[in-house]
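If you count the sequence shown from 1, position 267 lands on 267 in full-length UniProt numbering, and the numbers rise without skipping.
C-beta atoms are modelled at their ideal positions from N, C-alpha and C, and glycine is treated no differently.
Here's the structure we're looking at; comments come further down.
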Amino acid sequence: MNAPIIDPLQGDFPEVIEEYLEHGVMKCIAFNRRGTLLAAGCSDGNCIIWDFETRGIAKELRDKDCIAAITSVCWSKYGHRILVSAADKSLTLWDVVSGERLTRTTLQQTPLQARLHPGSSTPSLCLACPLSSAPMIVDLNTGSTTILPVSIPDTGNGAVPQSRNKFSDGTPPFTPTAACFNKYGDLIYVGNSKGEILIIDHRTVQVQAMVPVSGSAVIKNIVFSRNGQYLLTNSNDRTIRIYENLLPFKDGLVVLDNLDKTLNELDGVEKLKAVGSKCLTLFREFQDSITKMHWKAPCFSGDGEWVIGGSASKGEHKIYIWDRAGHLVKILEGPKEALIDLAWHPVHPIVVSVSLTGFVYIWAKDYTENWSAFAPDFKELEENEEYVEREDEFDLVPETEKVKESDVNQDDEVDILTLEKNSAFSDSDMSQEELCFLPAIPSPDMPERQDKCVESSSKLVDSNQSGSPLSEEAEPNGHTANHASSPPEVIDNSAAEDAGGSRMKRKRKPSEKGLELQAEKVRKPKSSGRLSKVKNKSVVDQDNGNGFHGDDVSD
């Protein structure tokens with residue numbers, strides 16, 4: 001699509017399903033930093049990495065020790081590592097290029113979500129949100145865990161409160177709690193069941209600030225925008241809230257310490273709330289006032305200008321798109337399948353959704369070319385019209401047609417080596433090599449398939465050389481089929497038989513013209529031989545004085 005002829009007034013958000021991906025039963029998805037690779041966790045414990053440019057499978061990470069469904073996937077900052085959490089309570093860190101399993105850690109509770117530390121290119125720390133315990137920081141190298149506080153203690157010093165009711169493993173009972181790192185990973189934002197956002201120092205594990213959420217409903221999801229400027233929460237009161245981050249992207253802990261010192265007259269919860277008011281401020285609220293539906297997997301667009309949320313209703317695949325001002329701009333309606341995960345492409349206006357049946361749907365923009373939007377004197381025609389040119393329309397007028405000379409110095413050297421920084425990746429470390437694509441590795445043919453191909457091709461060669469009736473076998477419609485052109489179809493059939501559960505390839509049916517050409521090729525040698533014999537006979541007859549010519553012969 002040519003960018004200059006696209007109407008700029010069209011909204012920069014997806015509109016229709018462009019394509020779908022199918023491989024097993026996929027449960028969760030995540031883009032890498034550049035949006036060139038898409039990781040998908042499957043119900044059989046495997047992690048599939050799709051090349052999003054070609055829509056082909058670039059890598060398949062198989063863990064022989066895991067057969068449970070994948071609950072979340074997360075890329076490292078530069079794409080060299082992938083963290084996979086599964087329903088068997090495991091956290092597995094993979095090397096993407098080699099496909100090797102680096103570490104495997106087993107928790108006491110099933111992790112619903114796991115996120116790698118965003119501040120390191122080769123992270124060893126991750127933030128895990130288990131099913132029925134508080135969020136925790138996990139050291140993937142040693143397997144040690146640090147439980148995060150999920151409520152404000154009475155002492156107000158930010159220490160982890162003691163609970164009277166505990167499970168057998170010593171962890172306090174909690175509903176699933178959402179948590180996420182900020183942009184650079186020095187702070188952790190935790191949304192608890194009381195409708196509070198806690199800002200925690202991930203090193204000291206102490207609560208630095210607290211922001212109460214209106215309605216005091218359970219916070220189910222919490223996520224930052226890509227640029228770290230906005231924070232999104234999804235609560236049990238069917239409302240998505242957007243908060244503006246008032247802290248600097250870097251050195252946020254220093255600002256929190258300064259705020260703590262300036263508010264010495266307050267103490268306990270009031271002090272934490274006062275500091276929290278300097279950290280986050282409510283920006284927008286989104287909800288469906290008519291249906292009052294719950295939301296699934298809400299997130300920001302790559303540039304933070306749009307907010308999307310999937311309908312949590314069973315049997316419908318709806319995606320709501322709002323602009324940051326709070327207006328509902330589009331409702332995407334998909335197949336009659338429940339939506340379980342959602343992701344927006346980091347760069348392009350593309351949304352990827354996962355259905356309950358395991359399909360991954362790719363939503364893209366339906367571009368329409370509007371030439372008149374860029375040329376006011378351009379007239380769009382519905383049908384052809386006869387045009388009569390003016391007599392002087394194409395006459396050259398040197399005074400008016402004179403082109404201004406360019407001010408560009410032709411002797412200046414053009415720099416074609418320096419890469420300009422993309423604003424979407426302004427915090428990238430240029431010294432760190434980022435993984436954008438994976439080399440394509442063709443899968444080897446199965447021995448049985450090769451034997452079938454060799455056997456079928458040898459039979460065809462033998463039949464063609466021996467002039468057997470197979471090469472002249474008549475088709476039901478009266479045409480003769482040339483079997484020398486059929487090995488590709490035989491190979492496709494054997495490949496489809498070996499594929500088992502994979503999608504069957506469609507075999508192209510030859511056209512009537514093709515069948516006639518094939519029949520003509522088979523008849524040609526016989527006809528030419530017959531005519532040559534007749535011509536020889538005519539020559540003999542002419543010598544005998546019979547006056548018979550070969551041109552008078554007719555079939």
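Residue 371 sits exposed, since fewer than 16 C-beta atoms from the chains shown fall within 10 Å of its C-beta.
Residue 308 is positioned such that its CB atom lies closer than 8 Å to that of residue 321.
Check the Cα spacing between residue 149 and each of 123, 143, 177, 126: the tightest is with 177. Assigned with DSSP and collapsed to three states, residue 262 falls in helix.
Straight-line spacing of the CA atoms in residue 56 and residue 123 works out to 28 Å. If you draw a straight line from the Cα of residue 311 to the Cα of residue 279, it is about 30 Å long. For residue 244, the secondary structure class from DSSP, reduced to helix, strand or coil, is strand. When DSSP states are grouped into helix, strand and coil, residue 339 belongs to the strand group.
Nearest to residue 142 by C-alpha distance, out of 91, 120, 129, 62, is 91. Taken in chain order, the complete alpha helix (DSSP H) segments of 4 or more residues contained in the segment 8–41 number zero; there are none. DSSP links residue 206 through a beta bridge to 201.
In the structure shown, residue 520 falls within a helical segment according to DSSP collapsed to helix, strand and coil.
Per DSSP, the beta-bridge partners of residue 310 are 296, 319.
Under the DSSP assignment, residue 191 falls outside any alpha helix (DSSP H), being part of the beta strand (DSSP E) whose first and last residues are 187–191. In the three-state reduction of the DSSP assignment, residue 143 falls in the coil class, being assigned neither a helical nor a strand state. Here residue 372 carries a helix assignment [DSSP, helix/strand/coil]. Measuring C-alpha to C-alpha distances from residue 62 to each of 75, 84, 366 identifies 84 as the nearest. For the options 212, 260, 232, the alpha carbon positioned closest to that of residue 301 is the one of 232. With contacts defined as CB atoms closer than 8 Å, residue 305 and residue 284 fail to qualify as a contacting pair. For residue 270, the three-state secondary structure derived from DSSP is helix.
Burial is judged here by how many other beta carbons sit within 10 angstroms of a residue's own beta carbon; residue 291 has fewer than 16 and is exposed. Counting along the chain, residue 51 sits inside the beta strand (DSSP E) bounded by residues 47–51.
Annotation for residue 219: the continuous beta strand (DSSP E) segment containing it runs 219–224. For residue 109, no beta strand (DSSP E) segment is defined, and its DSSP state is neither H nor E. The Cβ atoms of residue 34 and residue 436 sit closer than 8 Å to each other. Under the three-state reduction of DSSP output, residue 133 falls in the coil class, being neither helix nor strand. DSSP places residue 253 within a helical segment (H, G or I) once states are collapsed to three. In the DSSP assignment, residue 233 falls within the unbroken beta strand (DSSP E) covering 230–235. The beta-bridge partner set that DSSP reports for residue 95 consists of 81. Contact between residue 96 and residue 117 is ruled out by a C-beta separation of about 17 Å, above the 8 Å threshold.
Straight across, the Cα-Cα distance linking residue 334 with residue 135 is about 34 Å. By the neighbour-count definition (other C-beta atoms within 10 Å, threshold 16), residue 326 is an exposed residue. Here residue 120 carries a coil assignment [DSSP, helix/strand/coil].
Counting along the chain, the unbroken beta strand (DSSP E) around residue 355 starts and ends at 351–355. Our two residues, residue 151 and residue 198, have alpha carbons roughly 8 Å apart in a direct line. In its chain, beyond the 5 residues on either side, 317, 334, 335, 337, 338, 339, 340, 361 have a beta carbon closer than 8 Å to the beta carbon of residue 355.
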